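Read through the structure below, which is laid out as structure tokens, and then see the notes.
Protein chains: 2
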Amino acid sequence: MKNKYLPKFKKILLFGLNKENLGQEEVKKLGNLCKQKIFLEKDSPKLFGELNDTDCLLVNQGMTVDKKMINNAPNLKFIGILATGYNRIDTVYAKSKGIVVCNIPGYATESVAEFVFGLILEHLRNLEKAKQISDFGDFSGNGFNASEIKNKEFGVVGLGRIGSRVAEIALAFGARVSYWSRNRKKNIEKKGINYKPIDTLIKKSDFLSLHLSITKETVEILNKKRINLIKKGTIVVNVAPMELINLSGLINRLKKGDMTFIFDHPDEMEKKDVEKLSRNRNCIAYPPIGFITNEASAFKKEIFVSNISNFLEGRPSNKVS
Amino acid sequence: MKNKYLPKFKKILLFGLNKENLGQEEVKKLGNLCKQKIFLEKDSPKLFGELNDTDCLLVNQGMTVDKKMINNAPNLKFIGILATGYNRIDTVYAKSKGIVVCNIPGYATESVAEFVFGLILEHLRNLEKAKQISDFGDFSGNGFNASEIKNKEFGVVGLGRIGSRVAEIALAFGARVSYWSRNRKKNIEKKGINYKPIDTLIKKSDFLSLHLSITKETVEILNKKRINLIKKGTIVVNVAPMELINLSGLINRLKKGDMTFIFDHPDEMEKKDVEKLSRNRNCIAYPPIGFITNEASAFKKEIFVSNISNFLEGRPSNKVS
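Protein chains in written order, with our numbering: chain A, 557 to 877; chain B, 557 to 877.
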């Protein structure tokens, strides 16, 4: 009922998005928010022609929206990204043209936080091997050993949404949890999660989980010097972008065999770099499946669509420019 | 210094225990608590001869101490078990002879509770498969899906030490946690963990974790009727003895393919029963590695030795008869 009186977009252009990755129901909802909608594949030659009368551009994760595209869309008012990261969108130029850009922050907080503990516990308890030897009928448990999260020093680098949840869950496991973040978070400190300077945090932690986004300040925040501060036996988990870490420093440290590194974004790296990392048995690569729960996926689509309707209602949500 | 003035045992007989499973240091400590110590293998023919002047009998997990053994140990004052369970010790007969029996409760609480979440998250996130396809260089993440613990109904059957920790950790993951236990636990209910009658709990839970010990009342507490109450899609974890569950009922339910069963005590079952279970792809067997962390193992040995010295000091700890 409400939508009837709402302004609508003239034309929504869905770029790199289709019914499969967006979902039948969401596509239907978008239909109520515009007079016309067009789906275009990633490298479609029709792109610039279609952009001309587009007032709403929706793009999939990893898609580029540059000056040239924006210049070819004189009627554009809104860009929506089906992702948290928007570093391939020229948001500064969009802003200069009066175009609002919205992203989807925090949709996968729980998904990623739970994943971190999956990775840690899988490694601590050697679950892959345990399942495999069970499949062969060996139920002796011989040759297994393990250690606990409880009473260990658990360090969280970056206390945003995901980092905070990781810290809280680690606390419930009985770890001694500390964090470093650009800003002190007094609320979370009240729960018994202590602030430490980054070098101290890295030096003391038995578990170290990285939860920073990429900015000028955070690129290679784990530099060579800091990588060598990591304690022997520490398990480092990085479900954030690998740009946080100096790669050659990490590879050199891994060669010593005295710590473990677990990550889930080999997909965003050069193949040769992944190979250099993976040569080390103490480096465990996962596919990028941290953020993919059904719940996260549903929530993401929900926010994506509500960003659009909120903009139409004159109160844009999740604006990044 | 203190030990110098303590009474000592005349002869400690270590049955099925050796320097390897007990540890060099603990064996040394035992040396300070007795005048003589003897190690005997499980099926040693020397057993009855050696029992005659034994006043302290220490046995490994799973060893039997029956009437015949007790009758052959007229000087026996103390039986110590390197385990929690003592169902193979004739504690009633031991008591009738004035023999104190001590066990080691709760040493593996954290070890087992953490393991439960390892099993759940490994399954939810398909980590075994993820590691394997990564090893083959496939970093696409295609074909993976997952669901979260958060906001799900998490049921704990049996709220002893381990059950309580599992409930607390599930709460930190953001689950709605309920329990059934023989006795209401008001303290834990204050934390937001709700009591439910057992049938309701089984009917409502998306995750169901069993944490009961075996007694007359708990044998097959998950009977055929209750097994069929389990919701579609539920993940049942049993790191407790399999005697809690009616096996043919479980096998029939698993055949339907609409729930998942994860357990870690195939070692205590008939081989043919394990095979019947394992034929179902929705049944996941692990070796018995829930209680084996280094921390649990160290704590276990510590309590084992302190039970002995406490008895000698006239204040026995962890008496079971």
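We treat Cβ as the ideally placed atom computed from N, Cα and C, and that holds for glycine. As the structure is a prediction and not an experimental result, all values here were calculated from the model.
Close beta carbons around residue i, own chain, < 7 Å, minus the five adjacent residues each side
| i | result |
| --- | --- |
| G813 (chain B) | N838 |
| D829 (chain A) | L803 |
| T647 (chain A) | V657, V876, S877 |
| G587 (chain B) | K593 |
| N784 (chain A) | R809 |
| Y649 (chain A) | K623, I626 |
| E745 (chain B) | Y751 |
| K651 (chain A) | S877 |
Within 9 Å, strictly: CB atoms of residue i and residue j
| i | j | result |
| --- | --- | --- |
| R681 (chain A) | F700 (chain A) | yes |
| T816 (chain A) | I777 (chain A) | no |
| E724 (chain B) | K759 (chain B) | no |
| A796 (chain B) | Y663 (chain B) | no |
| E606 (chain B) | L596 (chain B) | yes |
| K832 (chain B) | L803 (chain B) | yes |
| G714 (chain A) | I848 (chain B) | no |
| R782 (chain A) | I754 (chain A) | yes |
| V621 (chain B) | S877 (chain B) | no |
| S703 (chain A) | N850 (chain B) | yes |
| I820 (chain A) | N794 (chain A) | Note that residue 820 (chain A) corresponds to Asp in the displayed sequence, not to Ile. Yes, Cβ-Cβ distance for D820 (chain A) and N794 (chain A) is below 9 Å. |
Integer-rounded CB distance, given that residue j should sit under 8 Å from residue i
| i | j | result |
| --- | --- | --- |
| F855 (chain B) | F634 (chain B) | About 21 Å separates the two Cβ atoms, so there is no contact after all. |
| G846 (chain B) | F671 (chain B) | 4 Å |
| I626 (chain A) | I655 (chain A) | 7 Å |
| G920 (chain B) | H679 (chain B) | This structure gives no information on residue 920 (chain B), because the portion of chain B shown stretches from 557 to 877. |
| V861 (chain B) | K598 (chain B) | Incorrect: roughly 21 Å between the Cβ atoms, too far for contact. |
| S690 (chain A) | P843 (chain B) | 6 Å |
| N528 (chain B) | Y642 (chain B) | The structure shown does not extend to residue 528 (chain B), since chain B is modelled only from 557 through 877, so no value can be given for it. |
| E582 (chain B) | K857 (chain B) | 5 Å |
| R740 (chain B) | A669 (chain B) | R740 (chain B) to A669 (chain B), Cβ: 21 Å. No contact. |
Proximal residues to residue i (C-beta, below 8 Å), its chain only, five neighbours per side dropped
| i | result |
| --- | --- |
| C590 (chain B) | K564, F565, K566, K567, I568, C612 |
| P630 (chain A) | N608 |
| K653 (chain A) | I626, L632 |
| T790 (chain A) | S761, D762, F763, L764, M815, T816 |
| K602 (chain A) | L596 |
| L573 (chain A) | F595, L614, V615, N616, L638 |
| N779 (chain A) | N802, G805 |
Other residues of its chain near residue i: CB distance less than 6 Å, five sequence neighbours each side excluded
| i | result |
| --- | --- |
| F710 (chain B) | A726, A731, V733, F763 |
| V792 (chain B) | L764, F817 |
| S873 (chain B) | N863, N866 |
| I594 (chain B) | L569, E606 |
| M557 (chain A) | For M557 (chain A), the pLDDT reaches just 43, beneath the cut-off of 50, and the residue's location in the model is therefore unreliable, although a value from the coordinates is still provided. Taken in chain order, the list of residues that qualify is empty. |
| L757 (chain A) | G711, S734, W736 |
| I705 (chain A) | F729, A731 |
| K788 (chain B) | D814 |
| M825 (chain B) | M798 |
Three-state secondary structure (DSSP) of residue i
| i | result |
| --- | --- |
| K567 (chain A) | strand |
| N616 (chain B) | strand |
| G636 (chain B) | strand |
| N850 (chain A) | helix |
| T807 (chain B) | One point to set straight first is that residue 807 (chain B) is Ile, not Thr, in the sequence displayed. Helix at I807 (chain B). |
| K558 (chain B) | Here the model assigns K558 (chain B) a pLDDT of 49, short of 50, so the residue's position is not dependable, and the following value carries that caveat. The answer is helix: DSSP assigns K558 (chain B) an H, G or I state. |
| T647 (chain A) | helix |
| I845 (chain B) | coil |
| V876 (chain A) | coil |
| K591 (chain B) | strand |
| T610 (chain A) | coil |
| L573 (chain A) | coil |
| I864 (chain B) | helix |
| I655 (chain B) | coil |
| I660 (chain B) | coil |
- Task: Could you pull out every unbroken alpha helix (DSSP H) segment of at least 4 residues lying fully inside the region 691-759 of chain A, listed in chain order?
- Result: You should have 717-728, 742-745.
- Item | Every unbroken alpha helix (DSSP H) within the region 765-801 of chain A, with a cutoff of 4 residues, ordered by chain | Runs of the alpha helix (DSSP H) inside the region 765-801 of chain A: 780-783.
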